[in-house]
Structure formats: C-alpha cells, structure tokens
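A.B. asks: Quick note, the sequences are listed as chains A and B, same order.
Take any residue in the first sequence, note its place counting from 1, add 141, and you have its number in this note's numbering.
Take any residue in the second sequence, note its place counting from 1, add 24, and you have its number in this note's numbering.
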Amino acid sequence: MALQIYAYMAHSGGVADDTTLEMITAAKALDADASVTAIVIGSGADLEAVCSDVAATYGEVWKVDDDALAYPNGEIYREILKRILPEGSVLLVPNDTFGMDLAPGLSIKLDVPFLADAVGFDGLDGTVVTAVRQEYSGQVSTHVQADLSGGAVITTRAGVFKADEAKSASGQVVDKTAEAMAGGAPESTRVFVEIVEAEAGDVDITKEDVLVSVGRGIEDEDNIPIAEELAEAMGAAVSCSRPIVDAKWLEKARQVGTSGQTVKPKVYMAMGISGSFQHLGGIKGSPFIVAVNKNAKAPIFQVAEIGVEGDILEYMPALTEKIKGL
Amino acid sequence: MEILVCVKRVPDTAENEIEVNRDGSGIKQDDLVYSVNEWDNYAVEEALQIREEAGGSVTVVTVGDDDSEEVLRREMAMGADNGLLLKDDSFNNSDGRGIATVLKAAVEKGNYDLILTGAQADDGAAQVGGMLAAMLDLPYASLVASLEILDDTKIKVGREIEGGNLEMSEMQLPCVLSIQTGINEPRYVGIRGIRKVAKVDIPVNGAGDLGVSADAVGQAGAAAKRIDYFVPELGEGAEMLQGSTDEIVDQLIELLKGKGGIK
Chain A
142 MALQIYAYMA HSGGVADDTT LEMITAAKAL DADASVTAIV IGSGADLEAV CSDVAATYGE
202 VWKVDDDALA YPNGEIYREI LKRILPEGSV LLVPNDTFGM DLAPGLSIKL DVPFLADAVG
262 FDGLDGTVVT AVRQEYSGQV STHVQADLSG GAVITTRAGV FKADEAKSAS GQVVDKTAEA
322 MAGGAPESTR VFVEIVEAEA GDVDITKEDV LVSVGRGIED EDNIPIAEEL AEAMGAAVSC
382 SRPIVDAKWL EKARQVGTSG QTVKPKVYMA MGISGSFQHL GGIKGSPFIV AVNKNAKAPI
442 FQVAEIGVEG DILEYMPALT EKIKGL
Chain B
25 MEILVCVKRV PDTAENEIEV NRDGSGIKQD DLVYSVNEWD NYAVEEALQI REEAGGSVTV
85 VTVGDDDSEE VLRREMAMGA DNGLLLKDDS FNNSDGRGIA TVLKAAVEKG NYDLILTGAQ
145 ADDGAAQVGG MLAAMLDLPY ASLVASLEIL DDTKIKVGRE IEGGNLEMSE MQLPCVLSIQ
205 TGINEPRYVG IRGIRKVAKV DIPVNGAGDL GVSADAVGQA GAAAKRIDYF VPELGEGAEM
265 LQGSTDEIVD QLIELLKGKG GIK
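1. Residues in the stretch 215-245 of chain A with C-beta within 9 angstroms of chain B's C-beta atoms, listed in sequence order?
2. Any beta-carbon of chain B closer than 8 angstroms to the one on A/E338?
3. Whose CA, out of B/N65, B/N40, B/E94, lies closest to the CA of B/D55?
4. Using a C-beta to C-beta distance shorter than 9 angstroms, which residues of chain B count as neighbours of A/L460?
5. Report yes or no: do the stretch 145-152 of chain B and the stretch 106-126 of chain B share at least 3 C-beta pairs separated by less than 8 angstroms?
6. Verify the CB distance criterion: does B/I42 have a CB-CB separation below 8 angstroms to chain A?
7. For the stretch 274-290 of chain A, which residues have a CB atom closer than 9 angstroms to at least one CB atom of chain B, in sequence order?
8. Name the chain A residues whose beta carbon is nearer than 8 angstroms to that of B/Y253?
9. Verify the CB distance criterion: does A/K303 have a CB-CB separation below 8 angstroms to chain B?
10. What number of angstroms, rounded off, separates the C-alpha of B/E172 from the C-alpha of B/Q73?
11. Taking C-beta pairs closer than 9 angstroms, name the residues in chain B that A/Y456 reaches, listed in chain order.
12. Output the residue ranges of the beta strand (DSSP E) runs that lie fully inside the stretch 36-80 of chain B and measure 3 residues or longer, sorted by chain position.
13. Would you say the stretch 202-221 of chain A touches the stretch 292-300 of chain A, given that touching needs at least three Cβ pairs under 8 angstroms?
14. Return yes when the Cβ of B/L108 is within less than 8 angstroms of the Cβ of B/P198, no when it is not.
15. Buried or exposed, going by whether 16 or more other CB atoms sit within 10 Å of the CB of B/K128?
16. Taking Cβ-Cβ distances shorter than 9 angstroms, what residues in chain B pair up with A/R331?
17. For chain B, find out if any of its Cβ atoms is closer than 8 angstroms to the Cβ of A/I464; answer yes or no.
18. Going by the DSSP bridge assignment, what does B/L28 pair with across the sheet?
19. Determine, using beta carbons only, whether B/L162 and B/I203 come nearer to each other than 8 angstroms.
20. Please classify A/G325: is it buried, with 16 or more other beta-carbons within 10 angstroms of its beta-carbon, or exposed?
21. Name the chain B residues that come within less than 7 angstroms of A/P254, Cβ to Cβ?
22. Taking buried to mean at least 16 other C-beta atoms within 10 Å of its own C-beta, is A/L467 buried or exposed?
23. Anyone know if the C-beta pair for A/I447 and B/L265 falls short of 8 angstroms?
24. Taking buried to mean at least 16 other C-beta atoms within 10 Å of its own C-beta, is A/S309 buried or exposed?
25. Which residues share a DSSP beta bridge with B/K178?
26. Drop a sphere of 10 angstroms on the beta-carbon of B/E135, count the other beta-carbons inside from all chains shown, and report buried for 16 or more, exposed for fewer.
27. Note the first and the last residue of the continuous alpha helix (DSSP H) segment covering B/A165.
28. Give the secondary structure of A/G264 by DSSP, where H, G and I count as helix, E and B as strand, and everything else as coil.
29. Would you list, in sequence order, the uninterrupted beta strand (DSSP E) runs of no fewer than 3 residues that lie entirely inside the stretch 219-277 of chain A?
30. What are the boundary residues of the alpha helix (DSSP H) that includes B/L280?
31. According to DSSP, is A/R395 part of a helix, a strand, or is it coil?
32. Reducing DSSP to helix, strand and coil, say where A/L371 ends up.
33. Use the C-beta contact count for B/P256: other C-beta atoms within 10 angstroms, 16 or more gives buried, fewer gives exposed.
34. Of all the CB atoms in chain B, is at least one closer than 8 angstroms to the CB of A/R395?
35. What residues of chain A sit near B/A38, judged by a beta carbon separation below 7 angstroms?
36. Using the three-state DSSP reduction, which class does B/N208 fall into: helix, strand or coil?
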C-alpha cells in the first residue's frame, strides 16, 4: 500500500526554501508510490506566496495561517502539527536549524519513531523503511530501519535529494487553519524577541574569486599567518571552517558554511578542512576545489577535483614560496 | 541555579580515521582515541560560567559504561561539582529516544533549573535534547550560541540559525537547551585538575535505581534500529596527486594557473 507522506515546507520572507523542491524527491525515494502533501505554516501574504509556489510541485498543499504563527517557533509548531496530522502520519522535515529544533520533540509528542538527517532511502519492505545516515562527521555511513506503520518523523539533509524543478503540478490548497487553531493558539514559554544579524567583517568572502580556506589542520592560532601569506601570494582571501571561528582564531565573517557565509568562488583551497555537510553547504557555484588533508578518508576528497594527502603546514609554505618566485 | 549537563564519551574524529570493521557491525576500535563530545565541553563551560555568576551547582551525567567515567572526571576537573553515571546492560544499543528515556528518569530524581546537552554528538542526530525536553514537558531551544540569565525564572537565549544570525528568545526556567560550539571558550584542564578528582566517588544508577523499564530502552526499545555500518560507493572523488612535496607543489601551481587561482 502506498504511503501518505507529509512534507514540511521551510520558507522565509514569502520565499519557499530550496528544500521545498527536494522534499518531494525525498518522499518519492522513500516510497515511489507515495502521495505527498505539503504543509505550509505561517501568516498573511508571505504564506499565500509560498503556498502558490509549492502548489506547482505538490498535488496537495495544507496551509495554516495565523498571526501567532508569523515566526517559526518549535514549541508552537509542534502543537499545530499534532493537531492537524492524522494518526499514523509520516512527516518529512528538512534538517535545517528549525527542523533540528522542531522534529525530535515532535516525534515524542506524536509517539512515533524518529530518523534524523537521512541522506537516502534504501528500500521499503512492507512498512519498514531502511534509511541511510552518516556518522562521525561523514566518515562512515549507516543503515537505520524503522517501522512506519504507526507514523514517523524523518528529517532529511538539505542538498542531497535532487530538486524537482518540473513545477508541473497544480496543487489544491487546503486551508487547515480552523482545525489547527481550534482551542486557540498554542501557548509557548519561549518568546521570540529579535534576530541579531552576524557582524560583517573587513573582507566580504562572498565576493572573492579565490579562497584559501583553513580548518582544524592549521593546528594553532600562530599558524594563521601561513594561510594569510599563501592567500596574499595567490591574490586570494582567507576563509575558514567553523572550528577556527569557535577557537576565535578568525572572525565569524570569514566562516564558510550553513551557519556562516555562502561563497561562490572560482577556486576553493580547502586546507586541513574535513568537509562536513554544514561546511559544504556554504560552497555554491561548483568551484574548482583543491583539498589538502592528512586524513585520506576526509569527506572533502569526495567533492574536491584535486586532492593531496598531506600536512597543510608543509604544503602551504611550499606553495607560497614557489608562487612568489614565479 | 542547579544545572545538569548531559555528556557523552565519543571517538575523537579530529584524532582518528574512523573505519568500518570487517562485518559492518561497528567501527574499528583499535587505537581509537576517545574524548568528551566537543559540543558537551561548551555546555559544561557554559554551566560553570552560570554557576560562577548565579551560584548553585553543576552536575555532569552520562549514559554509558565503566569507560565513560573518565569523561565525567574530565568535566569534574573542569569544575563540575558532581558526576553521575547511568549504567545498565539494558541501556546498551539504545536509540536517541532510549537515551532520552534514561536521562529523563535521572532528571526527575533531581531538582534542576537548567538542563544542557551538546547540540549533537558522534552520530550527528542532534536529537536527545529535544526528545528529553518533550518527555519532561519543558521548554526547549536548540543550537544555543548565546545565553543570559535574566532572573531566577527567566533566561534569554540566542539560537544560531542560517547565516550565523542569532534568533533571540526569552524562556522560562526550568528548561532544556542544546548548546552550540563557539558559545564560550572551554577552560583548559590540567593534569593537576584531573588528579584532584581522581578519587572522587561517582555514583552509578542502573535501570532499577531509575525506575526505567527494560523494554523502553536498549535494542528492545529502539524504534530506530541501526542495521550496519558501511562505506558508501561514491563517485570517483578527487584526483589524488602523487610524488614528492616539491613535485606536488609544481602540479598544484600548474593546475591553479589554469583555473585562475593565481592572480
């Protein structure tokens, strides 16, 4: 029997997130015969715009529209979803910062299995799904099984399921607001105050063509100038991965990744960067990636064009010296 | 302020290459270096800073085996007042929900104002904090990158969202927070600190002590069952350059010139 799958639509400022086009592919990867309903929660004109956008991809769109839902709040949205989802529903949620906030607790409230950060589905046997996950920063993969007969909450990684650009559906938008708000807006003890934007830095790495990007392999704050010298020789800018910012060796504005900047360079030098999916999520535009890493198993080598198994503290100075001599 | 911090002993991925064992039942254990989950260190540091400001105590807890005691001692050497090891054969192979079930029982035996976890651990699921909060019916915020105590009942948290922006919210205590790296600078633990807590008694609670039923945890209670570990067949990946450092550098320069990487 084909599954009925619900897909949560991430959106912001009236614009559907890229993942809205990926969720339908994820749902079909789970069950090719599934019927898939999109769920869009929010308020006002922004919500309407997102609904009409995703209706081009999904045959059915459920919308919940209320002023109290204008900003996504995990506590409130959990209760809304609990009110509208039929018993035994399978819900897919993108594994973004809101999905991480929403989904694990929702699985408890619905009393259903939870599968986190699925990067693929490897078969559905009756009602038992086999999902593919990654562990240890992407160094190994696992198969995880769960029985979907009583429903499930599954988060899916952004960027791994191919976006369905066909936009060939003309979905029906069903207003679920009355059902969702019956009994009033859910209460929350977590009250949204404001968004504080990340500080801008002295260099805008999003505008640079060539980036020398350093990760843990730089080992020590005192070694940062080695990367700066290479960048200077190449006419590039220095960027970095998260651990370097956590250690306060470089400013936040230099961080590439989903929790940092999204860059679109022509050439990306990944120096001592393992290549977590959060880091790779910040690299767009298919640059020429050169990776140097001591760990031959580092995931960065799967996305790089050119790899060198070695120590960046050896290769970066050697490169600098030769480039200066050109 | 009474604070509980949930921590985990994990293989240090910065120090190890993680490889799948022969039959795919796990990862190769030879020579693995273990440490405290990186995110948990930030959670413990945050708890210590709150205690320094507001008073109270910090307890570190883990679900694990005898080896897990070392990570509790390490966090106690950082300054945590108490350690608590939750250990029982029936806890083995728990999924995230099973771990949260065990932790919930431990939380209910205490009287905590604030419960912290790391945002994620070695399995990358980022699930236990959110599940624990839902089980306890407490407010929850994930990926917390800034934290301010407003008064005895209220805190202000900043969740790190896309682009590194902070989503600021006010929350009621008690609550559960998952802590993101970079929120603070975890203090250094010296040999002397470790020695000081080497003999401190760390209580152990089993399923009976916690009132946790065996069918709710472990492999039996797992709704998400890990079947195997494997290395996926991926595309070709990078062309790996071979040769001496000098030769490789020459190749790199030619390639970079061709791609506009050297201006």
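For glycine and all other residues, C-beta sits at the position ideal for the given N, C-alpha and C.
C.D. replies: Short version:
1. G215, E216, R219, N236, D237, T238, F239, M241, D242, L243, A244, P245
2. The residue you call residue 338 of chain A lines up with position 197 of the first sequence. A/E338 counts as touching chain B.
3. Along the second sequence, one-based indexing puts residue 55 of chain B at 31. Checking every option, the nearest Cα to that of B/D55 belongs to B/N40.
4. Translated into positions along the first sequence, residue 460 of chain A becomes position 319. Those are V273, L276, I277, L280, listed as they occur along chain B.
5. The stretch 145-152 of chain B is in contact with the stretch 106-126 of chain B.
6. Along the second sequence, one-based indexing puts residue 42 of chain B at 18. So yes, B/I42 belongs to the interface.
7. R274, Q275, E276, Y277, S278, G279, Q280, V281, S282, T283, H284, V285, Q286, A287, D288
8. Residue mapping note: residue 253 of chain B aligns to position 229 of the second sequence, counting from 1. Near B/Y253 (Cβ distances below 8 angstroms), the residues of chain A are E276, V281, S282, T283.
9. Numbered from its first residue, the first sequence carries residue 303 of chain A at position 162. With 8 angstroms as the cut-off, A/K303 does not count as an interface residue toward chain B.
10. For the purposes of this step, residue 172 of chain B is identified with residue 148 of the second sequence, where counting begins at 1. For the purposes of this step, residue 73 of chain B is identified with residue 49 of the second sequence, where counting begins at 1. Rounded to the nearest whole angstrom, the C-alpha separation of B/E172 and B/Q73 is 11 angstroms.
11. Here residue 456 of chain A is taken as the residue at index 315 of the first sequence, counted from 1. T269, I272, V273, L276, listed in chain order.
12. As far as the stretch 36-80 of chain B is concerned, its whole beta strand (DSSP E) runs of at least 3 residues are 58-60.
13. Counting Cβ pairs under 8 angstroms, fewer than three are found: no touch.
14. Taking the first residue of the second sequence as position 1, residue 198 of chain B is located at position 174. Taking the first residue of the second sequence as position 1, residue 108 of chain B is located at position 84. No, these two residues do not count as a Cβ contact at 8 angstroms.
15. Along the second sequence, read from residue 1 onward, the residue named residue 128 of chain B stands at position 104. Looking at its Cβ environment, which holds 16 or more other Cβ atoms inside 10 Å, B/K128 is buried.
16. Numbered from 1 along the first sequence, position 190 holds the residue referred to as residue 331 of chain A. Against chain B, a Cβ distance below 9 angstroms from A/R331 picks out P163, Y164, A165, V181, S193, E194, M195, Q196, C199.
17. Your numbering for residue 464 of chain A matches position 323 in the first sequence. It does: the Cβ of A/I464 has a partner Cβ on chain B nearer than 8 angstroms.
18. Translated into positions along the second sequence, residue 28 of chain B becomes position 4. Answer by DSSP bridge pairing, in chain order: B/T83, B/I139.
19. Position 138 of the second sequence, counting from 1, holds the residue named residue 162 of chain B. Position 179 of the second sequence, counting from 1, holds the residue named residue 203 of chain B. Taking C-beta atoms as the reference points, B/L162 and B/I203 fail to come closer than 8 angstroms.
20. By 1-based counting over the first sequence, the position of residue 325 of chain A is 184. Exposed, by the Cβ-count rule.
21. In the first sequence, residue 254 of chain A corresponds to position 113, counting from 1. The answer, in chain order, is A247, A248.
22. Within the first sequence, numbered from 1, the residue matching residue 467 of chain A stands at position 326. Exposed: under 16 other Cβ atoms inside 10 Å.
23. Start at 1 with the first residue of the first sequence, and residue 447 of chain A comes out as number 306. Start at 1 with the first residue of the second sequence, and residue 265 of chain B comes out as number 241. Going by C-beta atoms, A/I447 is nearer than 8 angstroms to B/L265.
24. Here residue 309 of chain A refers to the residue found at position 168 of the first sequence. Exposed: under 16 other Cβ atoms inside 10 Å.
25. For the purposes of this step, residue 178 of chain B is taken as the residue at position 154 of the second sequence. B/K178 pairs with B/Q196.
26. Against the second sequence, residue 135 of chain B aligns to sequence position 111. The amino acid occupying residue 135 of chain B in the given sequence is Asn; Glu does not appear at that position. Flag for B/N135 reads exposed.
27. Position 141 of the second sequence, counting from 1, holds the residue named residue 165 of chain B. Note, B/A165: premise wrong, no alpha helix (DSSP H); beta strand (DSSP E) at 164-173.
28. In the first sequence, counting from the first residue as 1, residue 264 of chain A sits at position 123. The answer is strand: DSSP assigns A/G264 an E or B state.
29. Counting only runs that start and end inside the stretch 219-277 of chain A, the beta strand (DSSP E) elements of at least 3 residues fall at 231-235, 255-259, 261-266, 269-276.
30. Walking along the second sequence from the start, residue 280 of chain B turns up at place 256. Note, B/L280: alpha helix (DSSP H), 269-282.
31. Numbered from its first residue, the first sequence carries residue 395 of chain A at position 254. Three-state result, A/R395: helix.
32. Position 230 of the first sequence holds residue 371 of chain A. Looking at A/L371 - three-state DSSP - the assignment turns out to be helix.
33. On the second sequence, position 232 is the one that residue 256 of chain B refers to. That one is exposed.
34. Along the first sequence, read from residue 1 onward, the residue named residue 395 of chain A stands at position 254. For A/R395, the answer is no, since every Cβ of chain B falls outside 8 angstroms of its Cβ.
35. Residue mapping note: residue 38 of chain B aligns to position 14 of the second sequence, counting from 1. R357, listed in chain order.
36. Indexing the second sequence from 1 puts residue 208 of chain B at position 184. In this structure, B/N208 counts as coil in the three-state DSSP scheme.
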